[in-house]
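The number in my numbering is simply the position in the sequence shown, starting from 1, with 2 added.
Below is one structure; the comments refer to it alone.
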Amino acid sequence: MLYVYLLMILFFVFCIGTVIGSFLNVVILRAFSGESIVLPPSKCPKCGNKLKWWHNIPIISYILLRGKCYFCHEKISIQYPIIEFITGLVFLAVFIKFGLTLDTIFGFIIAGLLIVIAVTDIKEKVVFDMHTYSLIAVGLFYNLLLTGILIYQQVNTIVGFHPNAQWCISNPLTLSLLGLILGAIIMEIAARIGYLIAGERAFGEGDTYIAMGLGAVFGWLNIILIIILAIIIQLILTFPLFVVKLAKNKNWMTLVSLICFFVYAGCFYYFDKFTGVFDNSVLMIIGIVTMFILGIFACFYVIKCLKVNKDNLTYLPFGPALVVAGMILLLTNANFLLGLGG
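What follows is the structure, given as structure tokens:
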């Protein structure tokens, strides 16, 4: 019987996620149109007819309507059920990870914002300020709340609350602010180095704001890990086709830089997993920084090659890779920064 109740709860969380996913579709599409996300009510983007309640049932309505508008019979974008389904799965994963905690509520909000940011970037290579600003605000508020809770807990102990320099540096709000600043610094330095290599920014300004938001959520050390992971994800997504193109064009420097990065990343993983050498924090930081430098070096060669060969090499925005990296950290990290549910 306990398993039945558990499955019912998980199914309920998934359904809530699909409903939120339906709302996220509205947020995404109306960001492009400039309309309010509240008014007017849901309508067909083709014929403009107001949708009935049963047209808005996540996933099910798309199946029942056979992917077509009830009124004009024009095809409905497959984006709708895909985003609803993905959001349902992400909400389910967040709930399983954190349970009934404060982390879950903020995890839902952050995951929703990350989905919106990724989809707009994939669809039109656009990152809207209102979405990234919201991510930054949520990250700062979450960590401000955690800091307040920590202060309250210490005040109510026998020892009391006596902040020292170490506490001021390591409290959640400070880590969040440092993460925000470091995210901006890393991405802007990388973007401006792009002028030296390719004659233009390596990354768009929207990517900087995404990194700032993720830094505000996860803190300064985690934003470094997120950027490194995002570089790996970006390279993996473009790697198979890209290698073939590089070999045909005899672009050996780019190939060598990519090989060096992946070999180092593999060695880093091997030594960490099987020898525990990176249990030493100093060695770990040195290893991470080295991997980051190699990743940036490889990434810049990739960008340079893409700029030179616009017609025959595929360009992918970097924002979605940052989002995926942030989502991975959210769902796998032992602690959601210093979260209550960690």
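Ideal Cβ placement from N, Cα and C applies to all residues, glycine included.
- Here K127 carries a coil assignment [DSSP, helix/strand/coil].
- If you draw a straight line from the Cα of L31 to the Cα of S79, it is about 11 Å long.
- Of the other Cβ atoms in all chains shown, fewer than 16 fall within 10 Å of the Cβ of S35; this residue is therefore exposed.
- Taking the Cα of I235 as reference, the smallest distance to any Cα among L324, V157, Q156 is reached at L324.
- Across the structure, I229 and T210 are spaced so that their CA atoms are roughly 11 Å apart.
- Check the Cα spacing between P60 and each of I111, V29, T89, I171: the tightest is with T89.
- Along the stretch 50–136, the alpha helix (DSSP H) occurs as fully enclosed runs of 4 or more residues at 62–66, 81–100, 104–126, listed in sequence order.
- For N27, the enclosing alpha helix (DSSP H) begins and ends at 4–35.
- Taken in chain order, the complete alpha helix (DSSP H) segments of 4 or more residues contained in the stretch 198–241 are 207–220.
- A direct Cα-Cα distance of roughly 6 Å separates K127 from P319.
- Collapsing the DSSP output to three states places K250 in a helix.
- For K45, the pairing in a beta bridge is given by DSSP as K52.
- A Cβ-Cβ separation of about 5 Å places L137 in contact with L115 under the 8 Å criterion.
- Note on M10: under 16 other CB atoms within 10 angstroms of its CB, so exposed under the neighbour-count rule.
- Relative to V28, the option among G217, F110, T122 whose CA is nearest is T122.
- If you draw a straight line from the Cα of A232 to the Cα of S63, it is about 35 Å long.
- Two segments are said to touch when three or more pairs of C-beta atoms, one from each, lie closer than 8 Å; by this definition the stretch 215–228 touches the stretch 170–190.
- In this structure, DSSP gives I39 a state outside helix and strand, which the three-state scheme calls coil.
- Within the same chain, Cβ atoms closer than 6 Å to the Cβ of L333 are found at A95, K99, the five residues on either side in sequence being excluded.
- Note on F13: under 16 other CB atoms within 10 angstroms of its CB, so exposed under the neighbour-count rule.
- Spatial neighbours of F93 in its own chain (CB-CB distance under 8 Å, excluding positions within 5 residues in sequence) are listed in chain order as V15, F16, I18, G19, I22, F110, A113.
- Taking a 10 Å sphere around the C-beta of V6, we find fewer than 16 other C-beta atoms and assign the residue as exposed.
- By the criterion of a C-beta distance shorter than 7 Å, P322 is surrounded in its chain by A120, D123, I124, once the five residues flanking it on both sides are discounted.
- I160 sits in coil when the DSSP states are folded into three classes, being neither helix nor strand.
- Between M189 and L148, the alpha-carbon positions lie close to 27 Å from each other.
- Listed in chain order, the non-local C-beta contacts of A327 below 7 Å within the same chain comprise I228, L231, A232, I235, local neighbours out to five positions each way being set aside.
- In the three-state reduction of the DSSP assignment, P174 falls in the helix class, which pools H, G and I.
- Rounded to the nearest whole angstrom, the C-alpha separation of N173 and L179 is 10 Å.
- Distances from the alpha-carbon of L216 to those of M329, Q168, L296, L41 put M329 closest.
- No Cβ-Cβ contact shorter than 8 Å links G141 with A193.
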